[in-house]
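One structure is given here, and the rest of the page talks about it.
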Amino acid sequence: MSSSSSAAVTSLQLLVSQYTTQLQRYLDPSTAVALWDGLAVLPTHAEQAGFQSGPIFVSWVAVLHAIDVCVELFNNMHPETSLMHTWVAMIVLSFGGTTMASLLLSRVPGWIALNDPLAIYTAIYLLFRYTPVLSLANLIGTPLRVACAAADGIARALAITAFAIDTIHLKSAPPLSNSLVACLVCGTLSGCGGGILNAVFGVTKRTWTLGTPQVSVDVQLAAVIAAGYTFAVKYDVVDRPTAQGVACMVAAAVLVLQVLVRDVRRWCSRASSGGKKAARKPSDKPLPPSPVVKLAGNESPVPSPGPTPRKSAVSKRRN
Numbered sequence: 002m003s004s005s006s007s008a009a010v011t012s013l014q015l016l017v018s019q020y021t022t023q024l025q026r027y028l029d030p031s032t033a034v035a036l037w038d039g040l041a042v043l044p045t046h047a048e049q050a051g052f053q054s055g056p057i058f059v060s061w062v063a064v065l066h067a068i069d070v071c072v073e074l075f076n077n078m079h080p081e082t083s084l085m086h087t088w089v090a091m092i093v094l095s096f097g098g099t100t101m102a103s104l105l106l107s108r109v110p111g112w113i114a115l116n117d118p119l120a121i122y123t124a125i126y127l128l129f130r131y132t133p134v135l136s137l138a139n140l141i142g143t144p145l146r147v148a149c150a151a152a153d154g155i156a157r158a159l160a161i162t163a164f165a166i167d168t169i170h171l172k173s174a175p176p177l178s179n180s181l182v183a184c185l186v187c188g189t190l191s192g193c194g195g196g197i198l199n200a201v202f203g204v205t206k207r208t209w210t211l212g213t214p215q216v217s218v219d220v221q222l223a224a225v226i227a228a229g230y231t232f233a234v235k236y237d238v239v240d241r242p243t244a245q246g247v248a249c250m251v252a253a254a255v256l257v258l259q260v261l262v263r264d265v266r267r268w269c270s271r272a273s274s275g276g277k278k279a280a281r282k283p284s285d286k287p288l289p290p291s292p293v294v295k296l297a298g299n300e301s302p303v304p305s306p307g308p309t310p311r312k313s314a315v316s317k318r319r320n
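Start counting the sequence shown at 2; every next residue gets the next number (my numbering).
Structure below.
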């Protein structure tokens, strides 16, 4: 391995380790859900003002992920859908995967054990429902979608690695801690479970209906990351912080590329449709001859007269 590659891997390892160590005081010990860097909304002396839980930590990844979910949700849901319906749909899309994995592992989901996630996602949801934030997000367009896709990739990778698989390896007793099946199943569900629940129950539709989920790109990406991370940490290919950083980079790159490809296709379709409309000009071809009307007897056929133009009200008055 070259010196530049070694330096890049070392820098990535130090970066992930720094963030993980810095945020340990914000993590619930029963779930150990790793967050990314963010902002403490309430001051550190909030307990003196009556806040027993201390400052509310706002993760930038969580904010962008919530924006991504709300943009997709409100752009596709029926406008007459109720407040509770859309809120439940947002919760399912945001926390459905980690909730299913937590239930399989007999643990409390992080969004229930912690105060911060539900407050952040609900606040952003209310902004999208009662303010013109959705119009602003659609106006920003591709730059916002790229940022949200990168955050979505980081959130999925951390849910797969730091939550599901690390919980199985580090916080579970045998035989669960040695189960490859548990790592693959819980890791995959943590990365794409919300989409699977939506496909099965149709929570984003106006009327909930049962359906059949498909093996989408999200499912394939989650399965690949879960398998790669499990193999890397089980056989000591790399250490856990480095493997988490690589998983975040891979997931973010795939989702960003997916957004760019979709936007480029949309732009090309718009350009082609606009070119076709601009190319339409009045035809210079002569009109077809009028049909010949056959008369009774020996009279010669004469062309049928065209449609008689209607007289306008002005011409009638003049006559």
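Every residue, glycine too, gets a C-beta built ideally from N, C-alpha and C.
Could you check which residue in the options has the C-alpha nearest to that of residue i?
i, options, result
"Ile323", "Ala156, Ser180, Val251, Leu135", "The first residue shown for the chain is 2 and the last is 320, placing residue 323 beyond what the model contains."
"His107", "Val255, Ile169, Pro133, Pro242", "Per the sequence presented here, residue 107 reads as Ser, with His not at that position. Among Val255, Ile169, Pro133, Pro242, the Cα nearest to that of Ser107 is on Ile169."
"Trp209", "Ser217, Asn199, Leu115", "Asn199"
"Thr205", "Val59, Trp61, Ser83", "Ser83"
"Thr92", "Ala63, Asn76, Ala224, Thr123", "A quick correction: the sequence has Ile, not Thr, at residue 92. Taking only the C-alpha atoms, the option nearest Ile92 is Thr123."
"Leu128", "Gln259, Phe75, Ser274", "Phe75"
"Ser95", "Asn77, Asn179, Leu119, Gly275", "Leu119"
"Ser178", "Ser273, Ala224, Val218, Lys235", "Lys235"
"Thr243", "Ala163, Arg266, Ser274, Arg267", "Ala163"
"Arg130", "Met85, Pro176, Leu211", "Met85"
Hey, residue i and residue j: beta-carbon distance below 8 Å or not?
i, j, result
"Gln253", "Ile155", "Before going on, a small fix: residue 253 reads as Ala here, not Gln. Cβ distance < 8 Å, so Ala253 and Ile155 count as in contact."
"Ala248", "Ala174", "no"
"Ile121", "Val59", "yes"
In chain order, what residues of the same chain lie with their CB nearer than 6 Å to the CB of residue i, ignoring the 5 residues before and after it?
i, result
"Phe202", "Trp209"
"Lys172", "none"
"Cys149", "Leu65, Ile68, Asp69"
"Val220", "Cys193"
"His79", "Arg207"
"Asp264", "Thr143"
"Asp153", "His66, Asp69, Leu256"
Kindly list the residues whose CB is nearer than 7 Å to the CB of residue i, restricted to its own chain and excluding five residues on each side of it in sequence; keep chain order.
i, result
"Gly97", "Gly194, Gly195, Leu198"
"Ile141", "none"
"Ala160", "Gly98, Thr99, Ser191, Gly192"
"Trp37", "Residue confidence for Trp37 is low, a pLDDT of 40 falling below 50, so the modelled location carries little weight; the figure read from the coordinates is stated next. These residues qualify, in order along the chain: Tyr20, Ser60, Trp61, Val62, Ile155."
"Trp112", "Phe96, Pro118, Leu119"
"Arg267", "none"
"Ser273", "none"
Using 10 angstroms around the beta-carbon of residue i, count the other beta-carbons present and answer buried if the total reaches 16, otherwise exposed.
i, result
"Cys184", "buried"
"Asp240", "exposed"
"Cys269", "exposed"
"Pro110", "buried"
"Ala233", "buried"
"Gln245", "buried"
"Val238", "exposed"
"Thr87", "buried"
"Leu104", "exposed"
"Val62", "buried"
"Leu222", "buried"
"Ala333", "Since the first residue shown for the chain is 2 and the last is 320, residue 333 is missing from the structure and cannot be characterised."
"Thr213", "exposed"
"Gly275", "exposed"
Considering only residues of the same chain and omitting the five flanking positions on each side of residue i, which have a CB-CB separation below 8 Å?
i, result
"Thr231", "Ile166, Leu181, Cys184, Leu185, Gly188"
"Val89", "Val204"
"Ala151", "Leu65, Ala253, Leu256, Val257"
"Leu261", "Thr143, Val147"
"Glu81", "Arg207"
"Val218", "Val255, Gln259"
"Tyr126", "Ala67, Cys71, Thr87, Trp88, Met91"
"Asn139", "Val72, Asn76"
"Leu211", "Val201, Phe202, Gly203"
"Arg271", "none"
Cβ of residue i versus every heavy atom of the ligand NAD: is any distance shorter than 7 Å?
i, result
"Ala227", "The ligand NAD is absent from the structure shown, which contains no ligands of any kind."
- Message: Count Cβ pairs between the segment 133 to 147 and the segment 99 to 114 that sit closer than 8 Å; are there 3 or more?
- Response: No contact exists between the segment 133 to 147 and the segment 99 to 114.
- Message: For the structure I just gave you, are there three or more beta carbon pairs, one from the segment 126 to 136 and one from the segment 69 to 78, closer than 8 Å?
- Response: Inter-segment contact for the segment 126 to 136 and the segment 69 to 78 is present: three or more beta-carbon pairs are separated by less than 8 Å.
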